[in-house]
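Enquirer: I have a structure here, written as structure tokens, and I will follow up with some questions on it.
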Amino acid sequence: MSKIKFGSEVYTWFMQETGKGYDNKLDHMIKVIGQAGFAGIEPMVLQISEEALGCSKYWLGDFCDPIKLKDSLQEHNVELAGLALICGWDNEEETPAERECADFTIELLSHFPGAMLGTVTLPSGREKDVQKRRLNVARNINRVSQRGVDAGLVCSYHPNSPPPSLVRTQEDYDVVLSSLDPSVTGWTPDVGHIIRGGMDVIETMSKWQHLINHVHYKDFSGNGPEPWSQMGTGKLDFHKITEFLVQRDYEGWIICEDEAHIAVEDPDGVTIQNGEWCKKNLYPLVGLGES
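Count along the sequence shown starting at 1, add 1, and that's the number in the numbering used here.
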């Protein structure tokens, strides 16, 4: 039996109208992800969803209710792979809103044993105090993860690569990943963000492999301000990356998070196609076969 499972992220749907297109429609995303053949889903818990975007609470809406979330997952035979908790975390301490959002996420995950607490930094600019704010991010991630571990959760930090992100380059990774407390916080390499930040994927994953406990896949074109491709059509060698994980006995989730332009227009169709592509090209590499 494979130690690796494949899932899908909800950001593929979030991109439409910056959250408004599929606000409070997590049940629809669960349904499509199940139809695509993925085993799990990773919803977002976006702290600024209501205040900044005018969307439902944390971009979960009605599915802040663990019973409603569990019922939808069971209906479509999809697991909760984890939740991606998204906050800024670049102040010396968590803000009250960040603390409230993090503690909500920890409590919600307590209803789903085995689901990952993923922490994702909301890009907040690189104009000033970059080193101080990078260290603030690491300290705040460690604090959140410690509370998560105390609640019985497994935690993982996910950097990203938009130009305003504090953790996008080799120097950023060296500062922040080396400042994580490995007793409470792992690392989610997002292979698309790694290459966009100017790094080699395999070299970076090798350097920090002791932290890897969750993985994100997205493909990279290198073209334009949003340089993404649909899975399997860009510059990343997913066969090589998957073989790297298998050879190192990685056990956990590979979460597909397609941000290609076509996904903005047709997130359902792209998710279905990505499920088929993973089944054909990657499942055999991890022992899932094609059945």
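For every residue, glycine included, the Cβ atom is placed at its ideal position computed from N, Cα and C.
1. Nearest CA to the CA of L81: which residue from K219, E258 and L70?
2. State the Cα-Cα distance for the pair S292 and A53, rounded to the nearest angstrom.
3. Which whole-angstrom value is the C-beta distance of A37 and T272, which I expect to be below 8 angstroms?
4. Is the beta carbon of G41 sitting closer than 8 angstroms to the one on I107?
5. On the three-state DSSP scale, how would you describe S292?
6. Express the C-alpha separation of W229 and G290 in angstroms, rounding to a whole number.
7. With DSSP as the reference, label A85 as helix, strand or coil.
8. Taking its Cβ as the centre, do 16 or more other Cβ atoms sit within 10 Å of T243, making it buried, or is it exposed?
9. Below 8 angstroms on the Cβ atoms is my guess for C156 versus G199; work out the distance and round it to an integer in Å.
10. Which same chain residues end up closer than 6 angstroms to G89 when comparing Cβ atoms and leaving out the 5 residues on each side of it in sequence?
11. Please report the residue range of the alpha helix (DSSP H) in which T35 lies.
12. Reducing DSSP to helix, strand and coil, say where M232 ends up.
Expert: This is what the structure holds:
1. L70
2. Bear in mind that the predicted position of S292 carries a pLDDT of just 44, short of 50, making it too unreliable to give a figure here.
3. 5 angstroms
4. no
5. With a pLDDT of only 44 at S292, under the threshold of 50, the placement of this residue in the model should not be trusted; the figure read from the coordinates follows. The answer is coil: DSSP assigns S292 none of H, G, I, E or B.
6. 28 angstroms
7. strand
8. buried
9. That belief does not hold up - the Cβ atoms of C156 and G199 are roughly 27 angstroms apart, past 8 angstroms.
10. L123 and S125
11. One detail in the question is off: residue 35 reads as Gly in this sequence, not Thr. Here the alpha helix (DSSP H) through G35 covers L27 to Q36.
12. coil
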